[in-house]
Ligand SMILES: [Zn+2]
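Residue numbers (the working numbering): 301 to 652.
Written out as structure tokens, the structure is:
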């Protein structure tokens, strides 16, 4: 019954013209976040969430430009510093995790349409030093799904044992792998071993992340960068001092390496529930960390600027969405969440 009500509510919202919706949201700064844009599959990402193609991403940019004033990080900063409101219906675009496709695929389209963008980088992956363990997990899933039939029986037995699964069906094992704790990188290493994935060789061969030279190029273009932790843990699961090191460590490294006067920070996964007092303390102790960004859609927060995670909208489970639906689903998410006892589950395949 609840699902029916929800679907009807969503359908009703879809009938509302986006021009009206944008008018309703015009006092709110809206952020849109992405991870990777690609024409084809990316083995280390595609098994976590679906990817927009360059054509789809370009449609998003054209739509956003037609409905919003797309603003840069400098404009957001200036507005907060001077307490002057941003232009009505302001929005911004950002990318998380620092994948190479930010440079090779997104950058030319952002430049073509003159759209400012903030790239949030996990410093532990910069220059291809390490895998983000969720990307390593996607690589494992790719290996499992493309195994030769002759190797399958023995490998799934081994993997089922590692995962404690009574089923050896490959897709049951994939479900188990995806639902393993987001913070459990050691488990990913064990899964990789069972599947015969050589993470070091894969990292050297694929070079999945931006390099420092790539980041210099993005900065020269006028784009902005920000911290996204060192190793992409769920900060809410860490002790205060460990979380502090992930935030301050990554922002300090970016500040020093790229000579930046100030560095914003975007929470890995979600900042929801993170102690706001700690954020205020960080801002006071380390004033160069000047803004915090989250992933709670259109929700307002006194300290964190939230963004709509375009790949993780509820309806994305059935395929990626056109730009109008991205906006409408974000509004739907906001309104539905406000209803008591009706909080939607986030998709299990979070990789932000
Ligand atoms: Zn992320």
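Think of the CB as a built atom: it goes at the ideal place given N, C-alpha and C, for glycine as much as any other residue.
>> With a threshold of 6 Å on Cβ separation, who are the neighbours of residue 608 within its own chain once the five nearest residues in sequence on each side are excluded?
In response: 332, 597 and 630
> If we count the other Cβ atoms within 10 Å of its Cβ and call it buried at 16 or more, is residue 580 buried or exposed?
Replying inline: exposed
>> Under 8 Å, with one C-beta from each stretch per pair, do the segment 522-535 and the segment 458-469 reach the 3-pair mark?
In response: no
>> For the beta strand (DSSP E) containing residue 396, name the first residue and the last one.
In response: 390-396
> residue 492 bridges to which residues according to DSSP?
Replying inline: In the DSSP output, where bridge partners are listed per residue, residue 492 has none listed.
>> Among 561, 522 and 420, whose alpha-carbon lies nearest the alpha-carbon of residue 595?
In response: 420
> If you draw a straight line from the C-alpha of residue 391 to the C-alpha of residue 554, how long is it?
Replying inline: 25 Å
> Which value, in whole angstroms, describes the spacing of the CA atoms of residue 537 and residue 544?
Replying inline: 12 Å
> Near residue 369, which residues of its chain fall below 8 Å by C-beta distance, leaving aside the five closest residues on each side in sequence?
Replying inline: 386, 387, 388, 389, 390 and 391
> Where are the beta strand (DSSP E) runs, 3 residues long or more, that stay fully inside the segment 345-420, in chain order?
Replying inline: 390-396
>> How far does the alpha helix (DSSP H) with residue 583 in it extend, from its first residue to its last?
In response: 576-585
>> Just to confirm before moving on: does the CB-CB distance between residue 456 and residue 446 stay below 8 Å?
In response: no
> Quick one: is residue 488 buried, meaning 16 or more other Cβ sit within 10 Å of its Cβ, or exposed?
Replying inline: buried
> First and last residue of the beta strand (DSSP E) that includes residue 500?
Replying inline: Element bounds for residue 500: not the beta strand (DSSP E) but the alpha helix (DSSP H), 499-506.
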